[in-house]
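The structure under discussion appears below in the form of structure tokens.
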Amino acid sequence: MRPSLTIIDTKAPLLHAGNFSGFSKMKDDIQTFRERHKTNAQLLVRMNEIFRLKGVTDCFRTKETAATPSSIPRRIKEMEKIESTNMILVSIKEVCPVGRLVIHLHTEAAPAVVLELMRLCGNHHNNSLSFVKIFPSLWLEAQLQLGDKTMLCRTLEYDKRALDHGNYAGVLSFSLDHLNLLEEDKETSLMFAISFRPLGLLNGRRVGFGHVIEGLDILNFIQAYGTKNGKPTKEFVVSKCGVFVN
Numbered sequence: 000m001r002p003s004l005t006i007i008d009t010k011a012p013l014l015h016a017g018n019f020s021g022f023s024k025m026k027d028d029i030q031t032f033r034e035r036h037k038t039n040a041q042l043l044v045r046m047n048e049i050f051r052l053k054g055v056t057d058c059f060r061t062k063e064t065a066a067t068p069s070s071i072p073r074r075i076k077e078m079e080k081i082e083s084t085n086m087i088l089v090s091i092k093e094v095c096p097v098g099r100l101v102i103h104l105h106t107e108a109a110p111a112v113v114l115e116l117m118r119l120c121g122n123h124h125n126n127s128l129s130f131v132k133i134f135p136s137l138w139l140e141a142q143l144q145l146g147d148k149t150m151l152c153r154t155l156e157y158d159k160r161a162l163d164h165g166n167y168a169g170v171l172s173f174s175l176d177h178l179n180l181l182e183e184d185k186e187t188s189l190m191f192a193i194s195f196r197p198l199g200l201l202n203g204r205r206v207g208f209g210h211v212i213e214g215l216d217i218l219n220f221i222q223a224y225g226t227k228n229g230k231p232t233k234e235f236v237v238s239k240c241g242v243f244v245n
């Protein structure tokens with residue numbers, strides 16, 4: 000047997016500070032705390048969504064999904080567009096088709112009148128609209144037959160300043176005297192005029208509620224068949240009417 004030697008280790012033992020201070024455990028605890036805080040925050044967000052949307056939100060989803068956009072803003076824009084761009088289409092014929100008029104109606108000028116005209120044109124009641132008289136250099140006088148459900152046989156709101164007669168040719172207008180007859184149930188039709196040229200002298204005397212934006216050449220053509228007493232030398236009829244969609 001070989002002789003054995005005794006070795007005595009006189010070096011100081013190596014001591015790791017982390018074993019006594021617990022730094023590693025503190026780091027793990029902080030990481031765990033952050034993860035739990037994030038999880039709790041996400042849970043609160045989902046609970047809030049469920050509360051607001053009445054359970055529509057899937058709280059078990061694993062991927063973020065885009066929120067469904069509300070249809071309210073779109074509907075508001077559609078209503079504003081309808082209110083600000085009321086337009087009707089009127090097709091005119093004599094023996095053969097003459098052309099069409101595209102008319103922009105101003106709701107703020109006479110809301111009930113515009114609504115009545117939009118309703119009749121929207122239902123394509125072209126027989127309710129007729130041309131009665133033609134005064135050259137002045138206007139074409141038209142008649143709108145009112146139905147049983149009309150709203151024009153009561154006190155109407157109007158604004159004489161909403162439309163300047165001197166700015167446009169082809170302005171649709173009605174007289175205040177005729178409006179009074181409607182309110183007294185003495186008339187069953189609305190008489191209105193379509194001017195052949197700008198007539199600033201009508202400001203304050205008649206209520207303008209629309210103007211022709213397409214078809215002024217058709218008006219000039221019709222004007223040639225008028226007389227001093229308004230009786231037309233040719234008969235023009237409305238062959239078709241409707242709401243114009245641009």
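For the sequence shown, counting from 1, position 187 maps to 186 in numbering that gives the first Met the number 0; every step adds exactly one. Glycine residues also receive a C-beta, built at the ideal position from the N, C-alpha and C atoms. Source: prediction; values computed, not measured.
Mind listing, in chain order, the continuous beta strand (DSSP E) runs of no fewer than 3 residues lying wholly within the region 193-227?
-> 205-213
Contact check, His103 vs Ile212, beta carbons under 8 Å = Translated into the one-based positions of the sequence shown, residue 103 becomes position 104. Translated into the one-based positions of the sequence shown, residue 212 becomes position 213. Yes, these two residues count as a Cβ contact at 8 Å.
Leaving aside the five residues before and after Ile81 along the sequence, list all residues of the same chain whose C-beta is less than 6 Å from its C-beta, in chain order.
-> For the purposes of this step, residue 81 is taken as residue 82 along the sequence shown, with counting starting at 1. Model confidence at Ile81 stands at a pLDDT of 49, short of 50, so the residue's coordinates are unreliable and nothing is read from them.
Please report the residue range of the alpha helix (DSSP H) in which Leu119 lies.
-> Position 120 of the sequence shown, counted from the first residue, corresponds to residue 119. Pro110 to Gly121 is the extent of the alpha helix (DSSP H) around Leu119.
Under the three-state DSSP convention, the category Leu42 falls into | Here residue 42 refers to the residue found at position 43 when the sequence shown is read from its first residue. Helix at Leu42.
May I have the straight-line CA-CA distance separating Cys95 from Ala223, to the nearest angstrom?
-> Taking the first residue of the sequence shown as position 1, residue 95 is located at position 96. Taking the first residue of the sequence shown as position 1, residue 223 is located at position 224. Cα-Cα distance, rounded: 17 Å.
With burial defined as no fewer than 16 other Cβ atoms inside 10 Å of the residue's Cβ, what is the status of Ser136: buried or exposed?
-> Counting from one through the sequence shown, the residue named residue 136 turns up at place 137. Result: exposed.
Residues in its own chain within less than 8 Å of Ile7 by CB, not counting five upstream and five downstream?
-> If you number the sequence shown from 1, residue 7 lands on position 8. There are no such residues.
In angstroms with no decimal places, state the Cα-to-Cα distance between Ile217 and Asn202.
-> Within the sequence shown, the letter at position 218 stands for residue 217. Within the sequence shown, the letter at position 203 stands for residue 202. Their Cα atoms are separated by approximately 25 Å.
If we call anything under 8 Å between Cβ atoms a contact, is His123 one with Gly241?
-> The sequence position of residue 123 within the sequence shown is 124, counting from 1. The sequence position of residue 241 within the sequence shown is 242, counting from 1. Yes. Within cutoff.
Nearest-angstrom Cβ-Cβ length linking Glu107 and Ala161, presumed shorter than 8 Å = Sequence index remark: in the sequence shown, residue 107 carries index 108 (1-based). Sequence index remark: in the sequence shown, residue 161 carries index 162 (1-based). Taking a contact as a CB-CB distance under 8 Å, the pair Glu107 and Ala161 counts as one, their CB atoms being some 5 Å apart.
State the DSSP-derived secondary structure class of Cys105, mapped to helix, strand or coil.
-> In the sequence shown, residue 105 corresponds to position 106, counting from 1. First, the residue type needs correcting, since residue 105 is His and not Cys in the sequence shown. In this structure, His105 counts as coil in the three-state DSSP scheme.
Beta-carbon proximity check, Val206 vs Leu180, cutoff 8 Å = For the purposes of this step, residue 206 is identified with residue 207 of the sequence shown, where counting begins at 1. For the purposes of this step, residue 180 is identified with residue 181 of the sequence shown, where counting begins at 1. Going by C-beta atoms, Val206 is not nearer than 8 Å to Leu180.
For Ala40, is the classification buried or exposed, using 16 other Cβ atoms within 10 angstroms of its Cβ as the cut-off for buried?
-> If you number the sequence shown from 1, residue 40 lands on position 41. Within a 10 Å sphere around the beta-carbon of Ala40 sit fewer than 16 other beta-carbons, which makes this residue exposed.
Report the residue from Phe134, Lys132, Lys159 and Cys120 whose alpha carbon sits nearest the alpha carbon of Leu145.
-> Along the sequence shown, one-based indexing puts residue 145 at 146. Cα-wise, what sits closest to Leu145 is Cys120.
Beta strand (DSSP E) containing Ile133: first to last residue?
-> Stepping through the sequence shown from its first residue, residue 133 is reached at position 134. Its beta strand (DSSP E) spans residues Leu128 to Phe134.
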